[in-house]
Amino acid sequence: MSRKFNKENTELIIDYSLEGEAWEKAYDKAKKELAKTVTVPGFRKGKAPLFEALKKIDPVRIFDKAINDNLEHVYKEHIITQIEDNDKIVDNYRPAFNIKEIDLKKAVYEFIFPLYPEIKLGDYKKIETKLADSEVTEEELITAKNKILENYVVMIDSEEPIKLNDRVNFDFVGFIDGEKFDGGEAEKFDLVIGSNQFIPGFESQMIGLKKGETKDLNLKFPETYHAKDLAGKDVVFRVTINSIKTANYPEVNDQFLSEVKVNPLVTNLESFNEFVLISALKEKLHKNSSEFVESAINEIISKSSVTLSEILINEEAERYYKSFMQQLKQKGISERDYIEFAKTTKEDILKLYKEEAKKNLTKSFVFGKIVDDEKLHVSAEDYEAKINQLANLYGLKPEQIKTFMPFKQFEQGELPNKIFEKLAELNDAKSFAEYKKENEKVLAYNKKAEEAIVAVAKAKSQEKSEEK
1 MSRKFNKENT
11 ELIIDYSLEG
21 EAWEKAYDKA
31 KKELAKTVTV
41 PGFRKGKAPL
51 FEALKKIDPV
61 RIFDKAINDN
71 LEHVYKEHII
81 TQIEDNDKIV
91 DNYRPAFNIK
101 EIDLKKAVYE
111 FIFPLYPEIK
121 LGDYKKIETK
131 LADSEVTEEE
141 LITAKNKILE
151 NYVVMIDSEE
161 PIKLNDRVNF
171 DFVGFIDGEK
181 FDGGEAEKFD
191 LVIGSNQFIP
201 GFESQMIGLK
211 KGETKDLNLK
221 FPETYHAKDL
231 AGKDVVFRVT
241 INSIKTANYP
251 EVNDQFLSEV
261 KVNPLVTNLE
271 SFNEFVLISA
281 LKEKLHKNSS
291 EFVESAINEI
301 ISKSSVTLSE
311 ILINEEAERY
321 YKSFMQQLKQ
331 KGISERDYIE
341 FAKTTKEDIL
351 KLYKEEAKKN
361 LTKSFVFGKI
371 VDDEKLHVSA
381 EDYEAKINQL
391 ANLYGLKPEQ
401 IKTFMPFKQF
411 EQGELPNKIF
421 EKLAELNDAK
431 SFAEYKKENE
441 KVLAYNKKAE
451 EAIVAVAKAK
461 SQEKSEEK
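In the UniProt record's numbering, the protein residues as written are 1 to 468.
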């Protein structure tokens, strides 16, 4: 039995040799159990003499069975017991498992545990990333207004040129080096322009086309495209527009707002415009904070050193792969069909996922390091306040809210915001002060809206009680 740290790969390696009488018994038991599954001419299944049955059993199968039958016992009794409290093993990741040596005398089990990486953090208190301005533009107001009204939109046929957010029905054929390729054509395909469903440039080059028109779109598949045989290649898509539908938004006036309830605080055009402004501001602040954190973390990572275990990267990539295959399955597409259609392999897909996994894991551990260094935390008081807020809003007991939002879940949702606040405060205090000022407007409005919802709910409850 041995323990060894691989500092270069940030891994803990624990070996255990199952040998002597214990291994002999395991090997003998495996032989006898496999012999029971063998049919030998002249004997009933499992009844042949052992020496006859062994002639039909691959010795490798015996070793495999002996190893696997004792795997759990070895792990629980001889591996886990060697792990110490300060080993810093990463939770929720399985150790890698190997057999280092095997013969008739012994089997040496090897378990490799991924450890928290060694992180040399760059100076996150002096970064160039800045927080964008919080002022809402006219275009952002229009977008917010349209989003609020999207449930009341009617799509109508249009003879006008295609524009952003139009729903277009079209035929297309793709050509590479003048030749069609598998999966590169379709008829009567529906697409919302701006949904980014196709490769970059496809939808933007359709803008301006009219019904009945045909155009060749000169594009290029991304280098990271999932179909290996298409990645990075130039392609021409010939599109023919069959029909165009554009969104017809309702006229917003006091009468319309009296008939629909877009928000508890909206009763007339003036209050609607305030709601639009708050909605646009909320979206702008969220966008600014997300972009700031993304840019800041990337800048910090570029100045940092993070050594990740390959075990973490490989298992994370496998999780991405399984999740992707599950999504395909829900759409009625099998793993085999997808791989054949995309002309790729599981190995090629995993290679891409490993790159993504490495980036995401690095980002996650850098986040964690900043949290530790700055002693950021989510308090129990914050949690209880949120629980009581939701309980009051939905008319439930706090204990009921806690069942679907435990503290750990709340903490995971709040910590990224605390990281944003700390990085913004350290690196762009002036813009962050303006951000907080604007965010207070959103929070105050949301609080008023929640109070209005609670008041309406209580009034309805009171009416029901009086009716009884």
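Cβ atoms here follow ideal geometry from the backbone N, Cα and C, with glycine treated the same way.
Per the DSSP secondary-structure output, P114 pairs in a beta bridge with E11. DSSP places F175 within a strand segment (E or B) once states are collapsed to three. Going by beta carbons, T129 and S364 fall outside the 9 Å limit. Here P222 has I199, P200, A231 and G232 as same chain residues with Cβ atoms under 8 Å from its own Cβ, once five neighbours each way along the sequence are excluded.
Here V108 is not near S195, since their CB atoms are 9 Å or more apart. In this structure, L415 is the residue among L415, K7 and F407 with its C-alpha nearest to the C-alpha of V371. For secondary structure counted as the beta strand (DSSP E) over 3 or more consecutive residues, the region 123-184 holds these complete runs in sequence order: 154-157 and 167-176. Runs of the alpha helix (DSSP H) lying entirely within the region 369-415 and spanning at least 4 residues, in chain order: 380-394 and 398-404. If only uninterrupted alpha helix (DSSP H) runs of at least 4 residues are considered, those enclosed by the region 287-370 are 310-330 and 335-342.
DSSP assignment within the region 53-88 yields the following whole alpha helix (DSSP H) runs of 4 residues or more, N-terminal first: 59-69 and 71-74. The C-alpha of V153 is placed about 17 Å away from the C-alpha of L191.
Here the alpha carbons of L423 and S304 stand approximately 16 Å from one another.
In the three-state reduction of the DSSP assignment, F202 falls in the helix class. Secondary-structure assignment with DSSP links F5 through a beta bridge to L12. N268 is positioned such that its CB atom lies closer than 9 Å to that of D254. L426 carries a helical assignment under DSSP once its states are collapsed to helix, strand and coil. When L277, V168, K458 and F181 are compared, the shortest CA-CA separation from V236 is found for F181. Taking each of Y394, L12, G184 and Q82 in turn and checking the Cα distance to I311, the smallest one comes out for L12.
Rounded to whole angstroms, the gap between the alpha carbons of K4 and Y93 is 19 Å.
N218 carries a strand assignment under DSSP once its states are collapsed to helix, strand and coil.
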